[in-house]
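Going line by line, the protein sequences match chains A and B.
Going by my numbering, the letters in the first sequence line up with residues 1 to 213, in that order.
Going by my numbering, the letters in the second sequence line up with residues 1001 to 1260, in that order.
Where a beta carbon is used, it is the ideal one built from N, C-alpha and C, also for glycine.
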Amino acid sequence: MNPQTTWSFFMDHRDEILGATLDHLTLVIIAMIIAIFIGVPLGMFIVQRPALRTIALGAASIFQTIPSLALFGFLIPIPFIGGIGKRTAIVALVLYALLPILRNTYVGLTGIDPAVLEAAEAMGMTRAQILFRVRFPLALAVILAGIRTATIITIGVATIAAAIGAGGLGTFIFRGVALVSDSLILAGAIPSAVLALLADFLLGLLERRLKVS
Amino acid sequence: MNTKISPAATNRIEFRDVSFHINDILKRLIVSQVSLEIPHGETLVLLGRSGSGKTTLLKLINGMLLPTKGEILVQDRPTTSWDPIRLRRGIGYVIQEAGLFPHFTVAENVGLVPSLESWDAARIAGRVDEMLHLVGLDPREFAHRHPRELSGGQRQRVGVARALAADPPILLMDEPFGALDPVTRAELQREFSALVHRLGKTIVFVTHDLREALLLASRIVLLEAGHIVASAAPQEFLRLEHPEVRAFTSSLTVMPGASA
Ligand SMILES: Nc1ncnc2c1ncn2[C@@H]1O[C@H](COP(=O)(O)OP(=O)(O)O)[C@@H](O)[C@H]1O
Ligand SMILES: [Mg+2]
Chain A
1 MNPQTTWSFF MDHRDEILGA TLDHLTLVII AMIIAIFIGV PLGMFIVQRP ALRTIALGAA
61 SIFQTIPSLA LFGFLIPIPF IGGIGKRTAI VALVLYALLP ILRNTYVGLT GIDPAVLEAA
121 EAMGMTRAQI LFRVRFPLAL AVILAGIRTA TIITIGVATI AAAIGAGGLG TFIFRGVALV
181 SDSLILAGAI PSAVLALLAD FLLGLLERRL KVS
Chain B
1001 MNTKISPAAT NRIEFRDVSF HINDILKRLI VSQVSLEIPH GETLVLLGRS GSGKTTLLKL
1061 INGMLLPTKG EILVQDRPTT SWDPIRLRRG IGYVIQEAGL FPHFTVAENV GLVPSLESWD
1121 AARIAGRVDE MLHLVGLDPR EFAHRHPREL SGGQRQRVGV ARALAADPPI LLMDEPFGAL
1181 DPVTRAELQR EFSALVHRLG KTIVFVTHDL REALLLASRI VLLEAGHIVA SAAPQEFLRL
1241 EHPEVRAFTS SLTVMPGASA
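Following this line, the structure appears as structure tokens:
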């Protein structure tokens, strides 16, 4: 690997790299928004429902254990959500992102000082008031930590999505592997690593701001 | 029908042959055949060792627990026929370690029940100031702090202010000063006993500390393993011969300087 040639490769193809990075980011953001809108409410819902909790957390864990390439493969033949392209990729990314969000929402909501919850109940707060005014704000930092983990996972897994034609930074990686070109592989790997680090840093910042000690 | 706890009605609390067991396989009896009348304006102290069922009795009053047998009347209505939210909004509650909301400021903690009751902001702010003064905290200094920025004693003061904010006719206190150092505890006990007379509320105060009971109570009820074993005015209580009473009174007579 020659840094000189890699650098000039980057400069020559910067528009393509930037475009792929934006595609990648779009994929991740869409998947994360969907995962948050499913994971957080579901996490709130299972707090009071032990049977559903086991099923939901179990299912989310199973998705996580499926190797990502295999999960993309499984989804292709499924009607409506499957097929080749972005839509299938987003479904798979959502399934991956779900567990950390769901688990942290549940853990955050249930890990609250019992004395605080007892006081809330004794003050005559309704169940909904306790959930939205006490449990949720106190769990927010933990939920956000789950979102941060999920985002980092999704940025990584999204590179594999190129295998089913979803575009993004994975395109360079797969082409680079096929053509045995380090420069091409790095053109996919470096921006994806930078995205992950950036997401980690920014969401970490937000998380610390929301933490209630 | 007015379903709210009303300050005008007599704030009697009555236990009628109440038993409570935990709803598990063992069906362990936590409270057994308790009958007890707490008249309007009384400061009743529930005394007993830890595990004797004191907290359970308090939670039976505000409907956080419902009796297995018998009934508890609050303002002459059984807790089972109260809307639990309405019942609790009319009953102040203070617990050990205060249970303050860590994400709320002192002012938001104190103003919680008034805000749940949809008071307007100006009235809440006025009430919060008034309550903080009442418990000896300067609002200018403390209103905007968070609970983590308070000492243990200050937290308990806020806990008391919060319980009193909506002017509930009934006040339940579960070992409110139990976690404080002895000096702070004595200070809060003294201030609170002065406050009690001004408040004119029906108060049920739980403690395992006989000194505290003697200082605050108009009547002391002693619990042992879920049963009431004694009930008397403070001075009379000291003369009772029941072995569990003796166990408590003998703890008073340890000489200063005597070592075991
Ligand atoms: N939810 C519960 N599950 C199991 N045991 C309980 C529960 N609540 C209370 N107990 C038991 O009931 C007894 C009385 O408890 P409590 O009323 O808290 O006593 P106190 O307040 O006097 O210390 C204790 O032995 C306690 O272990
Ligand atoms: Mg107790």
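Quiz item: Using the beta-carbon of each residue, which ones in chain B are nearer than 8 Å to A:Pro126?
Solution: Against the first sequence, residue 126 of chain A aligns to sequence position 126. Before going further, note that residue 126 of chain A is Thr rather than Pro in the sequence given. Near A:Thr126 (Cβ distances below 8 Å), the residues of chain B are Ile1085.
Self-check item: Spatial distance of B:Ala1260 from B:Ser1250 (CA atoms)
Solution: If you number the second sequence from 1, residue 1260 of chain B lands on position 260. If you number the second sequence from 1, residue 1250 of chain B lands on position 250. Bear in mind that a pLDDT of 44 at B:Ala1260, under 50, signals an unreliable position, so the model cannot answer this.
Quiz item: Are B:Ser1035 and B:Arg1016 touching if we call contact CB-CB under 8 Å?
Solution: Along the second sequence, read from residue 1 onward, the residue named residue 1035 of chain B stands at position 35. Along the second sequence, read from residue 1 onward, the residue named residue 1016 of chain B stands at position 16. Yes, they are a contact pair.
Quiz prompt | Paired residues, beta bridge with B:Pro1078 - DSSP | solution = In the second sequence, the residue the question calls residue 1078 of chain B occupies position 78. In the DSSP output, where bridge partners are listed per residue, B:Pro1078 has B:Leu1073.
Exercise. Scan the region 1088-1119 of chain B for residues whose Cβ lies nearer than 7 Å to a Cβ of chain A and list them as they occur along the chain.
Key: Arg1088, Arg1089, Tyr1093, Ile1095, Glu1097, Gly1099, Phe1101, Pro1102, His1103, Leu1112, Val1113, Leu1116
Quiz item: Is B:Ile1030 near ligand 1, judged by its Cβ being under 7 Å from some heavy atom?
Solution: Here residue 1030 of chain B is taken as the residue at index 30 of the second sequence, counted from 1. Checking every heavy atom of ligand 1 against the Cβ of B:Ile1030, one is found closer than 7 Å.
Exercise. Could you run through the region 137-154 of chain A and flag, in chain order, every residue whose CB is less than 7 Å away from some CB of chain B?
Key: Pro137, Leu138
Exercise. Hey, could you find the ends of the beta strand (DSSP E) B:Leu1029 is sitting in?
Key: Residue 1029 of chain B sits at position 29 when you count from the first residue of the second sequence. First-last of the beta strand (DSSP E) with B:Leu1029: 1029-1038.
Practice problem: Just the chain A side, please: which residues come within less than 8 Å of B:Met1131 by C-beta, in chain order? | Solution: To locate residue 1131 of chain B, count along the second sequence from 1; it is residue 131. Those do not exist, as B:Met1131 stays about 14 Å from chain A at its closest Cβ, beyond 8 Å.
Quiz item: What number of angstroms, rounded off, separates the C-alpha of B:Ala1166 from the C-alpha of B:Phe1192?
Solution: Here the question's residue 1166 of chain B lines up with position 166 in the second sequence. Here the question's residue 1192 of chain B lines up with position 192 in the second sequence. About 18 Å.
Exercise. Check whether the region 1110-1120 of chain B touches the region 1155-1169 of chain B, taking contact to mean three or more Cβ pairs, one atom from each stretch, closer than 8 Å.
Key: yes
Self-check item: Inter-residue Cα distance where the pair is B:Phe1237 and B:Ile1220
Solution: For the purposes of this step, residue 1237 of chain B is identified with residue 237 of the second sequence, where counting begins at 1. For the purposes of this step, residue 1220 of chain B is identified with residue 220 of the second sequence, where counting begins at 1. Cα to Cα, the separation comes out at about 7 Å.
Quiz item: Is the Cβ-Cβ distance between B:Thr1043 and B:Phe1205 less than 8 Å?
Solution: As a working mapping, residue 1043 of chain B is identified with position 43 in the second sequence. As a working mapping, residue 1205 of chain B is identified with position 205 in the second sequence. Yes; because the gap between Cβ atoms is below 8 Å, this pair is in contact.
Quiz item: According to DSSP, what are the bridge partners of B:Ile1091?
Solution: Here the question's residue 1091 of chain B lines up with position 91 in the second sequence. The partner list for B:Ile1091 (beta bridge, DSSP) reads B:Ile1170.
Self-check item: Element boundaries [alpha helix (DSSP H), containing B:Val1183]
Solution: The residue given as residue 1183 of chain B occupies position 183 in the second sequence. Element bounds for B:Val1183: 1182-1199.
Self-check item: Short-range partners of chain B found in the region 93-116 of chain A, where Cβ spacing is below 8 Å
Solution: Asp113, Ala115, Val116
Quiz prompt | Selection of the region 1038-1065 of chain B by Cβ proximity to chain A, strictly under 7 Å | solution = Asn1062, Met1064
Quiz item: If you count every other CB in all the chains shown that lies within 10 Å of the CB of B:Met1001, and 16 or more means buried, which is it?
Solution: For the purposes of this step, residue 1001 of chain B is taken as the residue at position 1 of the second sequence. Legend: pLDDT at B:Met1001 = 43, less than 50; position of this residue unreliable, no value from coordinates given.
Practice problem: Quickly, what does DSSP pair B:Leu1223 with across the bridge? List them, please. | Solution: Taking the first residue of the second sequence as position 1, residue 1223 of chain B is located at position 223. B:Gly1048, B:Ile1228.
Self-check item: Below-8 Å beta-carbon distance, A:Val40 vs any chain B residue
Solution: Taking the first sequence and counting its residues from 1, the one referred to as residue 40 of chain A is at position 40. Not one chain B Cβ lies under 8 Å of A:Val40.
Quiz prompt | Per-residue DSSP class, three states only, for B:Glu1271 | solution = Chain B is shown from 1001 up to 1260; residue 1271 of chain B falls before or after that span and cannot be answered.
Self-check item: Sequence ranges, alpha helix (DSSP H) only - wholly within the region 167-197 of chain A, length at least 4
Solution: 170-179
Exercise. State yes or no: is the beta carbon of A:Met44 nearer than 8 Å to at least one beta carbon in chain B?
Key: The sequence position of residue 44 of chain A within the first sequence is 44, counting from 1. For A:Met44, the answer is no, since every Cβ of chain B falls outside 8 Å of its Cβ.
Quiz item: Under a criterion of Cβ closer than 7 Å to any non-hydrogen atom of ligand 2, which residues qualify, in chain order?
Solution: B:Ser1050, B:Lys1054, B:Thr1055, B:Asp1174, B:Glu1175, B:Val1206
Quiz prompt | Beta carbon of B:Ile1095 nearer than 8 Å to that of A:Glu118 | solution = One-based indexing of the second sequence puts residue 1095 of chain B at position 95. One-based indexing of the first sequence puts residue 118 of chain A at position 118. For B:Ile1095 and A:Glu118, yes; Cβs fall inside 8 Å.
Quiz item: Can you give the beta carbon distance from A:Ala92 to A:Leu75, rounded, assuming they're within the 8 Å contact cut?
Solution: Counting from 1 along the first sequence, the entry for residue 92 of chain A is found at position 92. Counting from 1 along the first sequence, the entry for residue 75 of chain A is found at position 75. The Cβ separation is near 6 Å, so the contact holds.
Quiz item: Looking only at its own chain, which residues have a Cβ that is under 7 Å from the Cβ of A:Leu169, when we skip the five neighbours before and after it?
Solution: Sequence index remark: in the first sequence, residue 169 of chain A carries index 169 (1-based). So the qualifying residues of the chain are Ala20, Thr21, His24, Thr159, Gly188, Pro191, Ser192.
Quiz item: Between the region 35-49 of chain A and the region 98-108 of chain A, do three or more beta carbon pairs fall short of 8 Å?
Solution: yes
Quiz item: How long is the line joining the alpha carbons of A:Ala256 and B:Ala1098, rounded to whole angstroms?
Solution: Coverage of chain A is limited to positions 1 through 213, which leaves residue 256 of chain A absent and any answer about it impossible.
Quiz prompt | Minimum Cβ-Cβ distance from B:Asn1002 to chain A less than 8 Å | solution = The count along the second sequence starts at 1 and reaches residue 1002 of chain B at position 2. Because B:Asn1002 carries a pLDDT of 45, less than 50, the predicted location of this residue cannot be relied on, and the following value inherits that uncertainty. With 8 Å as the cut-off, B:Asn1002 does not count as an interface residue toward chain A.
Quiz item: Taking Cβ positions only, does B:Pro1169 come closer than 8 Å to chain A?
Solution: Position 169 of the second sequence, counted from the start, is the residue given in the question as residue 1169 of chain B. Not an interface residue.
Practice problem: May I ask which residues mark the beginning and end of the beta strand (DSSP E) holding B:Ile1025? | Solution: Position 25 of the second sequence, counting from 1, holds the residue named residue 1025 of chain B. Looking at the DSSP string, B:Ile1025 is not in any beta strand (DSSP E), and its letter there is neither H nor E.
Exercise. Could you tell me whether any Cβ in chain B is nearer than 8 Å to the Cβ of A:Glu207?
Key: Along the first sequence, one-based indexing puts residue 207 of chain A at 207. Chain B, which has no Cβ nearer than 8 Å to the Cβ of A:Glu207, makes this no.
Quiz prompt | Beta carbon of B:Gly1070 nearer than 8 Å to that of B:Leu1087 | solution = Against the second sequence, residue 1070 of chain B aligns to sequence position 70. Against the second sequence, residue 1087 of chain B aligns to sequence position 87. Against a cut-off of 8 Å, the Cβ pair of B:Leu1087 and B:Gly1070 comes out as no contact.
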